[in-house]
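Heads up: the structure comes next, in structure tokens.
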Amino acid sequence: STTASWSDTELMEPHVGYKKVLVTGGAGFIGSHVADYLLERGDDVVIIDELNEYYDVTIKESNLRLLTEKYGEERVAIYRGDICDATLMTELFEKERPQWVCHMAARAGVRPSIEDPFVYIHSNIQGTTQLMELAHRYGVQNFVFASSSSVYGGSKSTFFSEDEVVDNPVSPYAASKKTCELLAYTYHHLYKLNVTGLRFFTVYGPRGRPDMAPFKFIDRVSRGAEIQQFGDGSSSRDYTYISDIVDGVVRSIDRPYAYQIFNLGKGDGTSLREFISLVEKHTGKAANRKILPDQPGDVPYTCADVRKAQHLLGYTSKVSFEDGIAKTARWYRQTYMKNKVEVLPQVEAPTTTIQL
Ligand code: NAD
């Protein structure tokens, strides 16, 4: 890519003042961290989340409690419901009039999308369309939404850049995210809605999703339970610590572009072997691994090209993988071991080499 092709001429004025931001999926992992950051700096937040049971709902309830206890209910308006519910969503826009939208709600997970594609089409495609429809009708200034590195699924390269055109999503989840990007272009084209899609690369950290490898490995190694290692451990992927993702999301909220897609990742890969040995180091326990053959179709090495986000958003990842794992393991101990909270049951997660 040449930096010249990343023209910032379409950049609207960066916005520094107070905002009321609609954070969809604000009870979830990434949404609740973004809401926390925005509230901390003085913005007000409106959350819509259906608190579905994709994973333990008490985690989402506790994410919301954390926000209301920290900032007070007058600064965090919480709506519980489906983003596809046109009546509810119209009421929300009518009452709250958010001028900024950070759309994080989606059904996530690659494997489960193969088993039940319809719920992904509903929440991700129908839901995003519903929100963009209202965003344009209510004159929203910037619409930022979560896409995913999974859109690179069928790519032959291992260093993923936004300029590469990939139209080979390999799961309904990936196809739903690619469709959101296409619809976003349509809303930009038809109505001049400012819209930015952010392709996250495997996000982990405190309050991370229990169906994903970083949480699962820390949890299972801490308890002496078996973990599954696919292949010889040399496969490698790009893991991004939550505070780096929040930084990228907020930079994007503050810098409306007419239409842009950005990778948000760490920008380098960590091998599965290195990942497991860091988990061992920071939990103080030896991993009990079950070695399984490589999964067919797995890509041996994936990594985000983050130069575009660096150039146009000023984004750089700051947290090393080792620091990120250390912080996550510390959080895990404090949350699940000190308080003797029952450890979550094992959730079948996608293999570590599928792009989430
Ligand atoms: P999450 O499951 O923790 O959060 C998503 C939230 O959205 C949940 O609280 C869920 O209840 C809510 N939700 C889902 N469908 C809804 C609907 N129809 N109406 C209302 N609420 C609904 O997941 P996350 O990891 O925080 O992911 C946030 C976003 O980032 C998602 O769009 C996901 O696809 C994307 N993403 C995440 C990762 C990652 O590594 N965590 C990677 C790539 C992309």
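Per full-length UniProt numbering, the sequence shown starts with residue 34, numbered consecutively. For glycine and all other residues, C-beta sits at the position ideal for the given N, C-alpha and C.
Answer yes or no: do residue i and residue j have a C-beta to C-beta separation smaller than 7 Å?
| i | j | result |
| --- | --- | --- |
| Glu-83 | Gly-114 | yes |
| Ile-111 | Gly-160 | no |
| Thr-101 | Val-109 | yes |
| Leu-226 | Phe-178 | no |
| Leu-305 | Gln-261 | no |
| Gly-302 | Ser-255 | no |
| Tyr-224 | His-169 | yes |
| Ser-204 | Ile-251 | no |
Any idea what DSSP makes of residue i, helix, strand or coil?
| i | result |
| --- | --- |
| Lys-323 | strand |
| Ile-111 | strand |
| residue 33 | For residue 33 there is no data in the structure shown, the boundaries of the chain being 34 and 389. |
| Tyr-365 | helix |
| Ser-204 | coil |
| Cys-117 | coil |
| Ala-337 | strand |
| Lys-52 | coil |
| Asp-331 | coil |
| Gly-357 | helix |
| Leu-346 | helix |
| Gly-105 | coil |
| Glu-46 | coil |
| Leu-215 | helix |
| Pro-383 | Note that Pro-383 scores 38 on pLDDT, short of 50, meaning its location in the model is unreliable; the coordinates nonetheless yield the value given after this. In this structure, Pro-383 counts as coil in the three-state DSSP scheme. |
| Arg-240 | coil |
| Thr-273 | strand |
| Gly-230 | strand |
Three or more C-beta pairs below 8 Å linking the region 190-202 and the region 123-139
no
Pairing CB atoms from the region 45-62 with CB atoms from the region 284-295, are three or more of them under 8 Å?
yes
Is there contact here, the region 61-68 with the region 212-230, by at least three beta-carbon pairs under 8 Å?
no
Ranges of the alpha helix (DSSP H) found wholly within the region 123-206, counting only runs of at least 4
144-148, 150-153 and 160-170
Measuring CB atoms only, is the region 267-284 touching the region 344-358, in the sense that at least three cross pairs come out at less than 8 Å?
yes
Fully enclosed by the region 56-103, which alpha helix (DSSP H) runs are 4 residues long or longer?
62-73
Within 8 Å, do at least three Cβ pairs link the region 293-301 to the region 219-235?
yes
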